[in-house]
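Chains as they are written, first to last, in my numbering: chain A, 1 to 117; chain B, 1001 to 1117. Think of the CB as a built atom: it goes at the ideal place given N, C-alpha and C, for glycine as much as any other residue. Keep in mind that this is a model prediction, so the values were computed, not measured. Reading through the structure tokens given below for one structure.
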DNA sequence: TCTAAGCATTGACAAGCATCGACTCAATAG
DNA sequence: CTATTGAGTCGATGCTTGTCAATGCTTAGA
């Protein structure tokens, strides 16, 4: 889960000599980092973070019209935030008639959570 | 750690009647959510996420000049990213002579990590 | 004192993002 | 069929962010 970048051994060098050398960049790990960054970025808004929190506690039981009055934004704005979360793969929705019920995608937070700990 | 928003009980309503009612917004929890969002937002960039990763593994042993060649950005840009992480309270630095050694602030990731799990 | 190196800051610009109002679409009730 | 309601999309707007070139500051060595 770690990114594992190689570091050049630290050496005090004489004047006129650069202290650092270029280091190979591991591409595979970068992709992991990018994916985790997408998830973190999606959580980087208080409204979206609280949306995830609410949905985790009421999975599949909350329609959008119930979420709107929880936040001081318009319905289209909330719809936008839900779309961001959906595109980050963190939530998904299921329509039943007029209503759309959202839920947190299982294990979508796992990678980030594991890396954090 | 949870945000604990109150939800109005879901009811199918008759036509001409709104389905939702306004809900009280808990201010205290919002502040927690905002703080976690700040941390998440700071991690919402692949470079910053990898910076945190490197620093966690080499705490207090890496100078900025060693970090620069790990990423394909200029030194000022990296300095900017480090500043963002510093302002989010996630890293701090210590100068020794010419070099600045960065390290991850202990427990700065704990709140988010706990909430995620 | 002078010079060079490490790092931070500033200024500028393009790209991205949050927000809203207006609109569209789908489903339901009458 | 028509009106209404929930929800997503679009376009416009103002703010934020990532980036680099240029510059400044501090320290160390000559």
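Own chain residues within Cβ distance below 8 Å of residue i, not counting five before or after
| i | result |
| --- | --- |
| residue 1046(B) | none |
| residue 1105(B) | 1089, 1090, 1091, 1092 |
| residue 35(A) | 111 |
Cβ neighbours of residue i in the same chain (closer than 6 Å, five flanking residues each side left out)
| i | result |
| --- | --- |
| residue 1102(B) | 1055, 1091, 1093 |
| residue 1082(B) | none |
| residue 87(A) | none |
| residue 1108(B) | 1089, 1090 |
| residue 75(A) | 68 |
| residue 1080(B) | none |
| residue 1096(B) | none |
Helix, strand or coil at residue i according to DSSP, with G and I counted as helix
| i | result |
| --- | --- |
| residue 22(A) | Because the pLDDT at residue 22(A) is just 48, under 50, the model does not fix this residue reliably, and the point stays unresolved. |
| residue 104(A) | strand |
| residue 1072(B) | coil |
| residue 1010(B) | Because the pLDDT at residue 1010(B) is just 39, under 50, the model does not fix this residue reliably, and the value given afterwards should be weighed accordingly. Coil. |
| residue 1004(B) | Caution applies to residue 1004(B), whose pLDDT of 44 falls short of 50 and renders its modelled position unreliable; the model cannot decide the point. |
Residue i vs residue j beta-carbon contact at 7 Å
| i | j | result |
| --- | --- | --- |
| residue 116(A) | residue 39(A) | no |
| residue 1064(B) | residue 1100(B) | yes |
| residue 1030(B) | residue 1085(B) | no |
| residue 50(A) | residue 1042(B) | no |
| residue 62(A) | residue 78(A) | no |
Span of the beta strand (DSSP E) around residue i
| i | result |
| --- | --- |
| residue 92(A) | 91-96 |
Rounded distance between the beta-carbons of residue j and residue i, thought under 8 Å
| i | j | result |
| --- | --- | --- |
| residue 44(A) | residue 1037(B) | 6 Å |
Boundaries (first-last residue) of the alpha helix (DSSP H) holding residue i
| i | result |
| --- | --- |
| residue 57(A) | 46-57 |
| residue 109(A) | Taken as a continuous stretch (DSSP letters only), residue 109(A) belongs to no alpha helix (DSSP H), as it is neither H nor E. |
| residue 67(A) | 64-67 |
Sequence-distant residues of its chain with Cβ nearer than 7 Å to residue i (five each side left out)
| i | result |
| --- | --- |
| residue 1071(B) | 1047, 1078 |
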